[in-house]
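For the sequence shown, position 136 (counting from the first letter as 1) is numbered 137 according to this note's numbering, and the numbering increases by one without interruption.
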Amino acid sequence: MAFRAVIFDRDGVLTDFDLTAGEAFFGPRVPLNLWAISERWEQWGRRIGFPKNQSEEDRFFAGFWDALCDELALPEATRRDLHAFDYTTCLTAFADAPPALAAARRAGLAVGVLSNFSLASLDASLRTTGLAPWIDAACAATVIGVAKPDPAAYRIAAARLGVAPQDCLFFDDEADCVEGARRVGMTAYLVDRRRTAHDLAAGVVADLSALRGLLGV
């Protein structure tokens with residue numbers, strides 16, 4: 002089958018969160034581990050709503066850091082550090098991501114990202130990780146107003162690439178999101194980085210090195 006576009010999830014597929022970097026920043030400043038901070042962050046989002054654009058995101062984080070500092074009675078120096086923190090600096094691209102994106106480009110495919118991450122700064126995160134030059138359209142669930150596996154999310158991503166869902170390859174590390182892509186007609190693969198080999202017949206790949214074979218490039 003000839004494809005016209007390929008769409009990737011971000012977290013776990015194109016990028017990983019550097020826990021060491023996160024702990025290095027928060028450890029000396031906040032008496033909570035990363036999971037506890039994340040839990041409070043999720044609670045904050047459920048309470049006030051997750052941001053739909055960058056200005057809302059700036060206010061979202063400012064309010065969250067102020068609330069956390071007030072709750073834990075943290076010093077003003079820590080408050081300033083938290084306000085200046087850019088979470089995208091803790092994201093790193095998987096080694097196989099740039100070659101896969103480059104291969105898609107060489108094959109003449111449009112390239113998209115469809116993420117359920119609850120922030121609006123998807124484009125910024127792709128710039129920080131160096132992946133942005135290969136991306137034609139980045140769709141964050143909070144911005145487009147719908148999340149995977151809702152069929153509308155995939156259709157929006159395909160439309161922004163100027164193709165039909167049936168013309169798309171899709172990669173995600175969540176099985177329900179892969180099934181959602183298949184239901185709208187995409188050829189979809191589960192990315193399971195715990196594996197040591199691809200199982201294309203089962204619709205599972207160990208990493209994005211499988212893309213070149215799928216495209217024949």
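Glycine included, C-beta positions come from ideal geometry on N, C-alpha and C.
Since residue i contacts residue j with CB under 8 Å, what's their CB separation in whole angstroms?
| i | j | result |
| --- | --- | --- |
| Ile145 | Ile136 | About 15 Å separates the two Cβ atoms, so there is no contact after all. |
| Gly204 | Leu191 | 6 Å |
| Gly64 | Ile49 | 7 Å |
Kindly indicate which residue of the options has the alpha-carbon position closest to the one of residue i.
| i | options | result |
| --- | --- | --- |
| Cys169 | Leu132, Ala160, Glu24, Ser119 | Ala160 |
| Leu35 | Asp19, Gly46, His84 | Asp19 |
| Glu58 | Phe118, Thr21, Ala3 | Phe118 |
| Ala3 | Arg128, Tyr155, Ala108, Thr197 | Ala108 |
| Ala121 | Ala105, Phe51, Leu212, Arg30 | Phe51 |
| Thr197 | Met187, Leu209, Gly186 | Leu209 |
| Leu33 | Ala22, Leu73, Lys53 | Leu73 |
| Glu40 | Ala25, Leu69, Ala138 | Leu69 |
| Glu222 | Phe61, Val185, Ala104 | Missing from the structure shown is residue 222; the chain here goes from 2 to 218 and no further. |
| Ala85 | Gly131, Phe26, Gly181 | Phe26 |
With C-beta atoms as the reference, is residue i less than 8 Å away from residue j?
| i | j | result |
| --- | --- | --- |
| Asp124 | Val14 | no |
| Cys165 | Val179 | Correcting the residue identity first, residue 165 is Ala in this sequence and not Cys. It is not a contact, given that the beta carbons lie outside the stated cut-off. |
| Trp66 | Leu83 | yes |
Is residue i helix, strand or coil by DSSP?
| i | result |
| --- | --- |
| Gly214 | helix |
| Asp67 | helix |
| Val114 | strand |
| Ala94 | strand |
| Val206 | strand |
| Val147 | coil |
| Thr130 | coil |
Are there any heavy atoms of the ligand FAD lying less than 7 Å away from the beta-carbon of residue i, as far as the coordinates show?
| i | result |
| --- | --- |
| Leu83 | With respect to small molecules bound, the structure shown includes none, and the ligand FAD cannot be examined in it. |
At least three beta-carbon pairs within less than 8 Å, the region 147 to 155 to the region 41 to 58: no
Would you call the region 5 to 13 in contact with the region 109 to 127, where contact means no fewer than 3 C-beta pairs closer than 8 Å? yes
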